[in-house]
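What follows is a set of notes on a single structure, which appears directly below.
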Amino acid sequence: MHRIAVIAGDGVGPEVVAQSCRVLDLVASQDPAVSFEFTELPWGTEHYLTTGEMMPQDGLDLIRDHDAILFGAVGSPKVKDYVTLRDLLLRLRFGFDQFVNLRPLRLLPGVRSELSRWGVGDIDMTFVREGTEGEYAGLGDRLYPGTDREVALQTASFSRFGTERVIRWAFELARAEGKRLTSVSKANSLQYSGALWDEVFADVAADYPDVETEELLVDAAAMFMVRDPRRFQVVVASNLFADILTDLGAALIGGMGMAPSASLNPDRRFPSTFEPIHGSAPDIRGAGVVNPVGSIASTALMLDHLGHREWGDRVRAAIAMSLLDPATRTVDVGGRAGTEAAGDAILALLADGRS
Ligand code: IPM
Ligand code: MN
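So for the sequence shown, my numbering puts the first residue at 319; every next one is plus one.
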């Protein structure tokens, strides 16, 4: 029995998470060895507007003993994003020490990339994003607010410990998959944090002489992702740099609706969070058109993490097959299906066992 905390959150979050839960229910119905118990939590902006809190003070304690967290989206035009995001999503990532944010980006047949030059096979990269520090450390201040002398301080914090553990995790992944590892930083202008990152990368690389490596500056990495995405296999980068590059990467694989993400606590002391990389998309909320693939593919990562890699692969195969037909993929990826119909198609393919 896997205990799953479900935080559907804001905007289109509930619509995509509903499809992910259907997938998990189907897996459980097909496999007597797998079962799930869902704890649905009403956390998010509506909760904030009625209670003054995005999640209860002891929220982390309430779900600490769960096996995983299925997360939809957070963010609403009604409240400043830095409040809603810091007090919910980032609290989970930091509080549960989810130091690896895993983001596989792969162009699938049937889906058009923004870059028409490249096709299936050319775009298949996995980002390992640091999730607990760096530019997201949340350190800083606003001095003399509202005056001409106003100063904003936002301090990035890179520890050797935090940098090393995420880089080592990325090396392990690259080694296990026989892939090249690219490190992205910016040591030419960030002479403290960038230099530390590069030094740690070189130190750890010495332990992995079998892994081919490349080091890029973040601006050059953005350029190369467009000019030659084949260059990227496994990529490790800091919290903000990888945040930016994975939105670019999502565009390369058909858009924000396609990209999954897992915020992992690799030592498994705490639950990991599985969430699409898209946000709450308030403009299409409730319209039944949001692409459920990013969320369902995140659910496949959850299945991998819970020890059901075979089911993760089957869910990915069902997604891939559903995308081949415009009748079963959503409008954002050139199809005609609504959210529910796209979910139906993935479920049918999964139930069919052909995938
Ligand atoms: C993401 C999102 C978040 C981030 C926001 C919502 C805080 O953009 O998961 O990529 O920046 O990490
Ligand atoms: Mn992002």
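Every residue, glycine too, gets a C-beta built ideally from N, C-alpha and C.
If you're wondering where the values come from, they're calculated on a predicted model, not measured in any experiment.
Let me check one thing: in DSSP terms, what residues is residue 356 bridge-paired to? Residue 356 pairs with 322.
**Item:** Where residue 562 falls, given that 16 or more other Cβ within 10 Å makes a residue buried
**Value:** Only exposed fits residue 562, as fewer than 16 other CB atoms lie within 10 angstroms of its CB.
When you compare the region 604-613 with the region 583-590, are there three or more beta-carbon pairs, one atom per stretch, that lie closer than 8 Å?
With the cut-off at 8 Å, the region 604-613 and the region 583-590 do not touch.
For the ligand IPM, I want to know if residue 597 counts as a neighbour, meaning its beta carbon is within less than 7 Å of at least one of the ligand's heavy atoms. At least one heavy atom of the ligand IPM is nearer than 7 Å to the Cβ of residue 597, so yes.
If contact is defined by three or more beta carbon pairs under 8 Å, each pair taking one atom from either stretch, is the region 465-474 in contact with the region 607-618? Touching, no.
| query | How many angstroms separate the CA atom of residue 402 from the CA atom of residue 337? | reply | Between residue 402 and residue 337, the C-alpha separation is close to 24 Å.
- Enumerate in chain order the residues of its own chain whose CB-to-CB distance from residue 442 is below 6 Å, with the five nearest sequence positions on each side excluded. Closer than 6 Å at the Cβ level, and outside the excluded window around residue 442, lie 424.
Problem set entry | Exposed unless 16 or more other CB atoms sit within 10 angstroms - verdict on residue 430 | Exposed, by the Cβ-count rule.
- Task: Within the region 625-652, note down every full beta strand (DSSP E) run reaching 3 residues or more, in order along the chain.
- Result: Qualifying beta strand (DSSP E) stretches: none in this window.
Three-state secondary structure assigned by DSSP to residue 479:
Looking at residue 479 - three-state DSSP - the assignment turns out to be helix.
Only counting the same chain, and skipping five residues up and downstream in sequence, which positions put a Cβ closer than 8 Å to that of residue 355? Around residue 355, the same chain offers 319, 320, 321, 322 as residues with beta carbons nearer than 8 Å, after the five sequence neighbours per side are excluded.
Next on the checklist: Between the alpha carbons of residue 375 and residue 507, how many angstroms are there, rounded?
Outcome noted: About 39 Å.
> Is residue 554 buried or exposed, if buried means 16 or more other CB atoms sit within 10 Å of its CB?
Replying inline: In this structure residue 554 is buried. Its beta-carbon is surrounded by 16 or more other beta-carbon atoms within 10 angstroms.
- Item | Any non-hydrogen atom of the ligand MN closer than 7 Å to residue 328 Cβ | No, the Cβ of residue 328 stays beyond 7 Å of every heavy atom of the ligand MN.
Residue 327, buried or exposed, once every other Cβ within 10 Å from all chains shown has been counted against 16
That one is buried.
Are residue 611 and residue 576 closer than 8 Å when you measure CB to CB? For residue 611 and residue 576, yes; Cβs fall inside 8 Å.
- Any chance the CB of residue 625 is under 7 Å from a heavy atom of the ligand ATP? Annotation note on the ligand ATP: not contained in the displayed structure, which lists the ligand IPM and the ligand MN as its ligands.
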